[in-house]
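Colleague: Residue numbers (our numbering): 197 to 263. Got a structure for you, questions after.
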Amino acid sequence: MRIFIYLVGFGLSVIGGVTSIAYLNLLTVERGWLDYFRFISTRIECYFFLVGILLMWLSLSFPSQEE
């Protein structure tokens, strides 16, 4: 079960990271970093990165329930 949660977290973090990098193409000379962070904070797929990191951390930090 821990491996499954880890892999789901990894997949979500990859989706969120790639999307955040793809949105960097919208960053132009007229727009600054603040506008970029405001924009990605409104996009749900960018939150996948944080959720994925959290799932991976949780799957690695909690002890397994093996008996």
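Using N, Cα and C, we set each Cβ at its ideal position, and we do this for glycine too.
Could you give the distance in angstroms between the alpha-carbon of S232 and the alpha-carbon of S257?
Modeller: At residue 232 the sequence reads Tyr, which differs from the Ser that was named. Rounded to whole angstroms, Y232 to S257 spans 32 Å at the Cα level.
Colleague: Quick check: what's the CA-CA separation for L254 versus S209?
Modeller: Approximately 14 Å between the Cα atoms of the pair.
Colleague: Between G213 and F245, is the Cβ-Cβ spacing less than 7 Å?
Modeller: Contact: yes.
Colleague: How is the alpha helix (DSSP H) around G205 delimited, first residue to last?
Modeller: Unbroken alpha helix (DSSP H) run through G205: 198–218.
Colleague: Determine the direct distance from the alpha carbon of T215 to that of C242, and round the result to whole angstroms.
Modeller: 6 Å
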